[in-house]
Amino acid sequence: MIIKELHLLNYKNIPEAHLHFADRLNGFVGLNGQGKTNVLDAIYLLSFTKSAFSLQDRDCIRHGEQMAMVQGVYEKDGESLTITCGLRQGGKKQFRKGDKNYQRLSDHIGLLPLVLISPQDIGIILDGSDIRRKFIDSTISQYDPTYLPALTNYNQLLQQRNSLLKQLADKDATAAFDDMLVVYEQQMQPLALQIFEARRLFVSQFVPFFIDTYTILSNGGENVRLSYQSQFFDRSLPDAWQQTRQRDLILGWTSVGCHKDDLLFSIGGYAVKQVASQGQIKTCLLALRLSQALFLSNQTGLPPFLLLDDIFDRLDSHRVKQLIEMVTSETIELPTAQTVLHSPFSQIFLTDTDIHHLHRWDSSFAAMKTFVVNGGIITEDNQ
Ligand SMILES: Nc1ncnc2c1ncn2[C@@H]1O[C@H](COP(=O)(O)OP(=O)(O)O)[C@@H](O)[C@H]1O
Ligand SMILES: [Mg+2]
């Protein structure tokens, strides 16, 4: 799968752009604040139906404008596929495959696998657990079409249970209230089980990819681990909510469930969050995202698009070298995962403030196409 063309109208600071991409590698160069990340974000939006960075769709519409449009023309096995997203102030988002609107946006996820590596993403290692659950969820939903609907459903029921708990928090809990909670719990239970099993299986399959990638990037030697943490390892369904119901009534929210899951990174037996150096944290982030791409490629047979946002000026030259070697090699051997992957990355889009960094890439790639981004105006660099 290749993106042949990208058409933008009023997307963030980009008034209009019509870009024709190279099949393998495309680079966006420009000073800070010019719109490089916004272009990558538009490509991200075509895969995930929403921005990677803006929580609200309306924040993606250029200030002062009423609507925005992002359109990608993809090509697979000689066939062309057009994906269009239209955003309107105060209106509903339109998302189209060809000339057909999606009824459910979640049906689109997985069609165009993509991995974004961005320094803004460092929170995935350092911040709270919700961002790591998002990582798990967005990976699984790219290969398991039943996962996202189950998760959405679970989250809706969880919200309903929470608002009931909140209403009841002041009052004395009676058996009648218990009955109402039980109704939610009974509906949540099979969903929670499905989510738990999917996450457990995912992490067990994914960890070898992560370890191998980390080992390649760091030249081995560090004993890195990744593990799935869930309350459902200690408390089995369906009793979990029954056991904690009294406590939840006092708290006013649901204290046990899939919404508390986490991933734990450790090096040499210690949590990365607590003891790792800046360099180790960066390597962890890079390894996590690259191994996500490798894993998805292996899982789906569809090599994902790779978006590399400003990562070259933040890494030491050794890691840049390892990274370049990895994303350009035809085959990657993963001993722990016991897999050899052939051309696991699809088209690559990267950004940098410095053209010289990109020229270093140029020696690895025969045909890199460079675009200059300046104040939201994107032009092909023909030099
Ligand atoms: N909805 C919007 N309308 C207009 N400008 C926007 C909008 N959202 C973000 N921007 C602008 O986009 C610029 C940042 O672009 P970005 O792609 O992050 O730059 P960089 O080239 O550094 O990656 C900022 O100047 C920001 O104000
Ligand atoms: Mg940027």
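In the working numbering, the protein residues as written are 154 to 536.
All C-beta atoms, glycine included, are put in the ideal place defined by N, C-alpha and C.
Quick caveat: nothing in here was measured; it's all calculated off a predicted structure.
In the three-state reduction of the DSSP assignment, K319 falls in the helix class, which pools H, G and I. A distance below 8 Å separates the beta carbons of V526 and G188. The bridge partners DSSP lists for N254 are R249.
Note on geometry: alpha-carbon atoms of P266 and K229 lie some 13 Å from one another. Straight across, the Cα-Cα distance linking I270 with V335 is about 42 Å. For the options V480, L468, I464, the alpha carbon positioned closest to that of F458 is the one of V480. Looking from the CA of T397, the closest CA among G251, A351, D331 belongs to D331.
Any heavy atom of ligand 1 counts here; residues with a Cβ closer than 5 Å to one of them, in chain order, are K165, N166, N185, G186, Q187, G188, K189, T190, N191, R215, H216. Sequence-distant partners of S316 (beyond 5 residues in either direction) whose C-beta falls short of 7 Å from its own C-beta are missing from its chain.
When beta bridges are read from the DSSP output, C238 appears opposite V223, F248.
Cβ-Cβ distances below 7 Å link C213 to Y164, K165, S204, S207, A221, L240 in the same chain, with the five nearest sequence neighbours on each side left out; the list follows chain order. F363 is positioned such that its CB atom lies no closer than 8 Å to that of L346. Checking the 7 Å criterion, the Cβ of D507 is out of range of every heavy atom belonging to ligand 2. Between V182 and D505, the C-beta spacing is below 8 Å.
Using a Cβ distance threshold of 8 Å, Q384 and V409 count as a contacting pair.
Within the same chain, and ignoring the five residues on either side of I284 in sequence, the residues whose Cβ sits closer than 7 Å to its Cβ are G276, I277. Inclusion of L198 and F524 in the CB contact set at 8 Å is not warranted, their separation being larger than that value. As the crow flies, the alpha-carbon of Y227 is around 46 Å from that of W394.
Beta bridge pairing from DSSP links I531 with V526.
Around H495, the same chain offers E483, T484 as residues with beta carbons nearer than 7 Å, after the five sequence neighbours per side are excluded. In the three-state reduction of the DSSP assignment, K203 falls in the coil class, being assigned neither a helical nor a strand state. Taking C-beta separations shorter than 8 Å and ignoring five residues to either side along the sequence, the partners of G251 in its chain run L234, T235, following chain order.
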